[in-house]
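Using numbering that gives the first Met the number 0, read the sequence shown as starting at 0 and increasing by one per residue.
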Amino acid sequence: MAFVLKTFGRLQLIDGDGSLVAFPEKGLLLLAYLFTADRGSADRTTLASFLWGDADRDDSLATLRKLISRMKARQIELGINMLSSRGNMVTLDRDSLSSDILLSETEEEVEPFSRLKQLVKLMDQPFLGSVHSHSRPFQRWLAEREICHIALLGNTLRTASRLAQSPKESELLRKAAVILFRTEPKDPDTLQMLIEIFQAEEEVASLRNHFEQRRNAILRGIAASTRPDSDAISLRPTSAPSQAKLETALPLEPQDIRIAIPRLVLLPPKNQSVRPQAGFLAASLVEDITIGFCAFNSLEVIAPYSAVQIGHHTETQKAFFERHRVNYILDTRISNTGDEVTLFAQLIFFRPKSNCLGRKIQP
Numbered sequence: 000m001a002f003v004l005k006t007f008g009r010l011q012l013i014d015g016d017g018s019l020v021a022f023p024e025k026g027l028l029l030l031a032y033l034f035t036a037d038r039g040s041a042d043r044t045t046l047a048s049f050l051w052g053d054a055d056r057d058d059s060l061a062t063l064r065k066l067i068s069r070m071k072a073r074q075i076e077l078g079i080n081m082l083s084s085r086g087n088m089v090t091l092d093r094d095s096l097s098s099d100i101l102l103s104e105t106e107e108e109v110e111p112f113s114r115l116k117q118l119v120k121l122m123d124q125p126f127l128g129s130v131h132s133h134s135r136p137f138q139r140w141l142a143e144r145e146i147c148h149i150a151l152l153g154n155t156l157r158t159a160s161r162l163a164q165s166p167k168e169s170e171l172l173r174k175a176a177v178i179l180f181r182t183e184p185k186d187p188d189t190l191q192m193l194i195e196i197f198q199a200e201e202e203v204a205s206l207r208n209h210f211e212q213r214r215n216a217i218l219r220g221i222a223a224s225t226r227p228d229s230d231a232i233s234l235r236p237t238s239a240p241s242q243a244k245l246e247t248a249l250p251l252e253p254q255d256i257r258i259a260i261p262r263l264v265l266l267p268p269k270n271q272s273v274r275p276q277a278g279f280l281a282a283s284l285v286e287d288i289t290i291g292f293c294a295f296n297s298l299e300v301i302a303p304y305s306a307v308q309i310g311h312h313t314e315t316q317k318a319f320f321e322r323h324r325v326n327y328i329l330d331t332r333i334s335n336t337g338d339e340v341t342l343f344a345q346l347i348f349f350r351p352k353s354n355c356l357g358r359k360i361q362p
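1. Note the first and the last residue of the continuous alpha helix (DSSP H) segment covering residue 176.
2. Kindly confirm or deny that the stretch 41-51 and the stretch 130-142 touch, where touching means at least three C-beta pairs closer than 8 Å.
3. Is residue 280 helix, strand or coil when you go by DSSP?
4. What is the DSSP secondary structure of residue 326, reduced to helix, strand or coil?
5. Start and end of the alpha helix (DSSP H) containing residue 143?
6. Which same chain residues, not among the five before or five after residue 42, have their C-beta less than 7 Å away from its C-beta?
7. Classify residue 191 as buried or exposed, calling it buried when 16 or more other Cβ atoms lie within 10 Å of its own Cβ.
8. For residue 36, I'd like the list of residues in its chain whose CB is within less than 6 Å of its CB, leaving aside the five on either flank, ordered along the chain.
9. Assuming contact is defined by CB atoms lying nearer than 9 Å, are residue 115 and residue 175 in contact in what I supplied?
10. From what residue to what residue does the alpha helix (DSSP H) around residue 58 run?
11. Starting from residue 345, trace the beta strand (DSSP E) in both directions and tell me its first and last residue.
12. Please determine whether the Cβ atom of residue 90 lies at a distance below 8 Å from any heavy atom of the ligand GTP.
13. CB-CB under 8 Å to residue 247, same chain, minus the five flanking residues each way: which ones, in chain order?
14. By DSSP, does residue 241 sit in helix, in strand, or in coil?
15. By how many angstroms is the C-alpha of residue 121 removed from the C-alpha of residue 5?
16. What three-state label does DSSP hand residue 195 in the structure shown?
17. At what residues does the beta strand (DSSP E) containing residue 88 begin and finish?
18. Determine the burial state of residue 75: buried for a count of at least 16 other Cβ atoms within 10 Å of its Cβ, exposed for fewer.
19. Would you mind reading off the limits of the alpha helix (DSSP H) that contains residue 85?
20. Check residue 113 in the structure and name its three-state DSSP category.
21. Considering just the uninterrupted stretch of the beta strand (DSSP E) at residue 40, what are its terminal residues?
22. I'd like the list of long-range same chain contacts for residue 34, defined as Cβ closer than 6 Å, with 5 residues on each side in sequence excluded.
23. Which word fits residue 166, buried or exposed, when buried means at least 16 other C-beta atoms lie within 10 angstroms of its C-beta?
24. Taking its Cβ as the centre, do 16 or more other Cβ atoms sit within 10 Å of residue 299, making it buried, or is it exposed?
25. So residue 22 and residue 14 are in contact, right, with Cβ under 8 Å, and what is the actual spacing, rounded?
26. Below 8 Å on the Cβ atoms is my guess for residue 346 versus residue 329; work out the distance and round it to an integer in Å.
27. Check whether the Cβ atoms of residue 333 and residue 269 sit closer than 9 Å, and answer yes or no.
28. Enumerate in chain order the residues of its own chain whose CB-to-CB distance from residue 126 is below 8 Å, with the five nearest sequence positions on each side excluded.
29. Of the choices 322, 301, 266 and 323, whose alpha-carbon is the least far from that of residue 344?
30. Is it buried or exposed, residue 78, if we count other Cβ atoms within 10 angstroms and call 16 or more buried?
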């Protein structure tokens with residue numbers, strides 16, 4: 000029977016019938032690591048450090064021996080021989096176990112849109128799900144995997160975007176662009192590709208110019224108010240300055256500029272309507288607005304993926320807002336009266352917390 004190691008969504012082992020197979024969680028994490036290791040092998044010391052970090056070396060190696068024994072006993076029960084050990088080395092037989100784990104050297108010749116569809120399906124879910132470890136080798140490995148995933152998605156998206164597209168393929172490009180943006184919200188190349196895929200170059204250029212002028216005016220005002228000779232400072236409008244000119248005209252410290260630019264988080268809408276499709280529509284609207292805001296230099300926006308996560312954990316929201324220095328929160332809620340569906344939005348100024356604006360929007 001064929002077995003598959005799933006790493007996106009939840010870390011789990013699935014049999015050929017699609018059923019979940021009981022297996023030690025640390026064992027699954029070890030298998031995932033070996034999938035990415037050179038020739039599928041690693042020494043015991045490396046594996047123990049990966050799983051348990053800075054814990055006592057002898058204790059970690061003893062625990063690893065017990066884990067490997069459990070894994071071997073379990074694979075005998077399942078009739079599979081995917082893990083073997085010889086001396087100090089532990090090896091995964093990649094031919095006996097398949098996985099959705101993404102490797103940069105695989106499937107390079109797959110048709111771009113087919114590859115992109117697979118990447119979108121996988122990367123729309125968190126890698127390893129809720130599995131976590133505080134060991135530094137694990138953290139480094141996880142960061143390397145995320146970099147690999149981003150590179151695969153970005154390269155495939157760029158290749159596919161240059162090809163002729165059907166309406167379904169255009170929609171796939173947009174979904175992929177949104178996922179890429181979630182992982183790289185501040186990368187200028189990602190933002191530019193996002194704008195091109197959504198065909199919003201002219202609109203963004205116009206809005207960016209407008210908000211850049213507003214931003215420059217705000218920064219000049221701050222510079223004037225913080226200098227004793229503020230009367231001598233010229234406040235006449237300027238075009239978008241070069242970095243050198245900006246540094247000359249605005250003698251602000253970096254922290255002053257960060258304070259001058261507000262930070263906004265758009266929380267996912269709470270659906271209090273009996274119509275589930277209203278929630279999907281409102282969530283798409285909020286996500287589109289978030290992406291649009293990210294094109295502005297006058298505003299810093301919390302990435303949609305982080306906003307969705309914190310939106311589902313109300314008990315930790317205040318700490319999240321304080322840690323990320325959020326100034327404004329857009330909170331949305333869907334409700335219905337009879338056949339009428341209403342989207343209520345309120346903009347909240349954080350620290351001190353007060354409602355600045357609340358509007359009902361009827362789709």
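We put the beta carbon where it would ideally sit given N, CA and C, even for glycine.
To lay it out plainly:
1. As a first step, residue 176 must be located in the sequence shown, where it is residue number 177. Taken as a continuous stretch (DSSP letters only), the alpha helix (DSSP H) holding residue 176 covers 166-182.
2. The stretch 41-51 vs the stretch 130-142: in contact.
3. In the sequence shown, the residue the question calls residue 280 occupies position 281. Correct three-state label for residue 280: helix.
4. Position 327 of the sequence shown, counting from 1, holds the residue named residue 326. DSSP places residue 326 outside both helix and strand once states are collapsed to three, so it counts as coil.
5. As a working note, residue 143 is residue 144 in the sequence shown. It spans 135-160 - the alpha helix (DSSP H) in which residue 143 sits, taken as one unbroken run.
6. For the purposes of this step, residue 42 is identified with residue 43 of the sequence shown, where counting begins at 1. Beyond the five residues adjoining it in sequence on each side, residue 42 comes within less than 7 Å, by CB distance, of 87 and 88 in the same chain, given in chain order.
7. Here residue 191 corresponds to residue number 192 of the sequence shown, with the count starting at 1. Counting the other Cβ atoms within 10 Å of the Cβ of residue 191 gives fewer than 16, which makes it exposed.
8. By 1-based counting over the sequence shown, the position of residue 36 is 37. Cβ neighbours of residue 36 beyond the five flanking positions: none.
9. Against the sequence shown, residue 115 aligns to sequence position 116. Against the sequence shown, residue 175 aligns to sequence position 176. Annotated as proximal: residue 115 and residue 175, with beta-carbon spacing under 9 Å.
10. As a position in the sequence shown, residue 58 is number 59, starting the count at 1. Note, residue 58: alpha helix (DSSP H), 56-77.
11. Residue mapping note: residue 345 aligns to position 346 of the sequence shown, counting from 1. For residue 345, the uninterrupted beta strand (DSSP E) run begins and ends at 339-348, by DSSP.
12. Judged by which ligands are present, the structure shown has none, so any question about the ligand GTP falls away.
13. Here the question's residue 247 lines up with position 248 in the sequence shown. Annotation note: pLDDT 35 at residue 247 (below 50); position unreliable, coordinate value reported separately. So no residue of the chain qualifies.
14. In the sequence shown, counting from the first residue as 1, residue 241 sits at position 242. Below a pLDDT of 50, predicted positions are generally treated as unreliable, and residue 241, at 40, falls in that range; the measurement from the model is reported next regardless. Secondary structure of residue 241 (DSSP, three-state): coil.
15. Residue numbering aside, residue 5 sits at position 6 when the sequence shown is read from its first letter. Residue numbering aside, residue 121 sits at position 122 when the sequence shown is read from its first letter. Rounded to whole angstroms, residue 5 to residue 121 spans 10 Å at the Cα level.
16. Taking the sequence shown and counting its residues from 1, one reaches residue 195 at position 196. In this structure, residue 195 counts as helix in the three-state DSSP scheme.
17. Here residue 88 refers to the residue found at position 89 when the sequence shown is read from its first residue. Segment 88-91, the beta strand (DSSP E) holding residue 88.
18. Reading the sequence shown from its first residue, position 76 is the one you call residue 75. Exposed.
19. Indexing the sequence shown from 1 puts residue 85 at position 86. Residue 85 -> not in any alpha helix (DSSP H); beta strand (DSSP E) instead, spanning 82-85.
20. Here residue 113 corresponds to residue number 114 of the sequence shown, with the count starting at 1. Correct three-state label for residue 113: helix.
21. Residue mapping note: residue 40 aligns to position 41 of the sequence shown, counting from 1. Here the beta strand (DSSP E) through residue 40 covers 40-42.
22. One-based indexing of the sequence shown puts residue 34 at position 35. Same-chain partners within the cutoff: 98 and 100.
23. One-based indexing of the sequence shown puts residue 166 at position 167. Residue environment: residue 166 is assigned as exposed (fewer than 16 neighbouring CB atoms within 10 Å of its CB, all protein chains considered).
24. Residue 299 sits at position 300 when you count from the first residue of the sequence shown. Its Cβ being crowded by 16 or more others within 10 Å, residue 299 is buried.
25. Counted from its first residue, the sequence shown places residue 22 at position 23. Counted from its first residue, the sequence shown places residue 14 at position 15. Cβ-Cβ separation between residue 22 and residue 14: approximately 11 Å, too far for a contact (criterion under 8 Å).
26. Reading the sequence shown from its first residue, position 347 is the one you call residue 346. Reading the sequence shown from its first residue, position 330 is the one you call residue 329. Indeed they touch by this definition, with Cβ atoms about 6 Å apart.
27. Stepping through the sequence shown from its first residue, residue 333 is reached at position 334. Stepping through the sequence shown from its first residue, residue 269 is reached at position 270. Yes; because the gap between Cβ atoms is below 9 Å, this pair is in contact.
28. Start at 1 with the first residue of the sequence shown, and residue 126 comes out as number 127. Scanning its chain for C-beta atoms nearer than 8 Å, with the 5 sequence neighbours on each side dropped, one finds around residue 126 the residues 6, 7, 141, 144, 145 and 148, in chain order.
29. Reading the sequence shown from its first residue, position 345 is the one you call residue 344. Checking every option, the nearest Cα to that of residue 344 belongs to 266.
30. As a first step, residue 78 is located in the sequence shown; it is residue number 79 there, counting from the start. Sixteen is the threshold: since fewer than 16 other Cβ atoms of the shown chains lie within 10 Å of the Cβ of residue 78, the residue is exposed.
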